[in-house]
Amino acid sequence: MDIFTSPKGVPLHFQVKQSVDLTPSVPLPNGPIYRLSVLENDEIKRYIIDLLQKGHNKPSSSPYGSLIMLVQKKDMTWKLCIDYQALNKITIWNRYPIPHIDDHLDKLKGGKYFSNIELNFGYHQVPIEPFDAWKTSFKSKEGLFEWLVMHFRLKNSPQCS
Numbered sequence: 424m425d426i427f428t429s430p431k432g433v434p435l436h437f438q439v440k441q442s443v444d445l446t447p448s449v450p451l452p453n454g455p456i457y458r459l460s461v462l463e464n465d466e467i468k469r470y471i472i473d474l475l476q477k478g479h480n481k482p483s484s485s486p487y488g489s490l491i492m493l494v495q496k497k498d499m500t501w502k503l504c505i506d507y508q509a510l511n512k513i514t515i516w517n518r519y520p521i522p523h524i525d526d527h528l529d530k531l532k533g534g535k536y537f538s539n540i541e542l543n544f545g546y547h548q549v550p551i552e553p554f555d556a557w558k559t560s561f562k563s564k565e566g567l568f569e570w571l572v573m574h575f576r577l578k579n580s581p582q583c584s
């Protein structure tokens, strides 16, 4: 068993669920799909297939959709970015945010052996409230998809708190 792989699917029993509470009577943002090269479209398709296989996303029929783009990293690989700026502008801040990673690291006091683990996998262990999943949708040429687990660019996630 590989202990460093990202878990598949949505965790069934988790004490915190990410909600997306929107300002009432504000229209949902919905823009056009960015024009991308064939290479970028192929890379996005690969990312979406990977997310679907891991159980982090599912196809959506939401009336809303955030835009996606690819950003090239220093090592010349690509990173999928979802533009949640418009959604975050109309999302209401939580009064009690999810605890910061620092709070959890403080609990490791007295530990002797540690390893460098990709902490972004932790975000994919916090489920989105089922009635809020449609608000996290994003669109591409492959279709419309919504998150079943927290995405780290959503307002009220630990990174934004």
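When the letters of the sequence shown are read in order and numbered with the numbering used here, they come out as residues 424 to 584. Backbone N, C-alpha and C fix where the C-beta goes; we use that ideal spot for every residue, glycine too. Just so you know, these numbers come straight off a predicted model, no measurement behind them.
Asked: Can you tell me whether Thr559 is helix, strand or coil according to DSSP?; Found: helix
Asked: Give the secondary structure of Glu569 by DSSP, where H, G and I count as helix, E and B as strand, and everything else as coil.; Found: strand
Asked: Return the CA-CA distance between Glu463 and Phe561, expressed in angstroms with no decimal places.; Found: 16 Å
Asked: Express the C-alpha separation of Leu493 and Asn467 in angstroms, rounding to a whole number.; Found: Contrary to the premise, residue 467 reads as Ile rather than Asn in this sequence. Answer to the nearest angstrom: the Cα atoms are 8 Å apart.
Asked: DSSP three-state label for Val461, please.; Found: helix
Asked: Just the C-alpha distance for Leu445 and Asp498, rounded to the nearest angstrom, thanks.; Found: 37 Å
Asked: Flag Ile505 as yes if its beta-carbon sits less than 9 Å from any beta-carbon of chain D, otherwise no.; Found: Annotation note: the requested chain D is absent from the structure, which comprises a single protein chain.
Asked: Please state whether DSSP places Leu528 in a helix, a strand or coil.; Found: helix
Asked: In angstroms with no decimal places, state the Cα-to-Cα distance between Trp570 and Phe554.; Found: 12 Å
Asked: Got a sec? Which residues, its chain only, sit under 7 Å from Arg576 by beta carbon, not counting five neighbours each side?; Found: Ile505, Tyr507
Asked: Go through its chain and collect everything with a Cβ distance to Tyr457's Cβ below 7 Å, but skip five positions before and after it.; Found: Leu490, Met492
Asked: Can you find the residues in the same chain that come closer than 7 Å, C-beta to C-beta, to Glu513, ignoring five residues on each side of it along the sequence?; Found: In the sequence under discussion, the amino acid at residue 513 is Ile, which differs from the Glu named in the question. So the qualifying residues of the chain are Leu445, Thr446, Val449.
Asked: For Asp506, write down the residues that DSSP places opposite it in a beta bridge.; Found: Leu490
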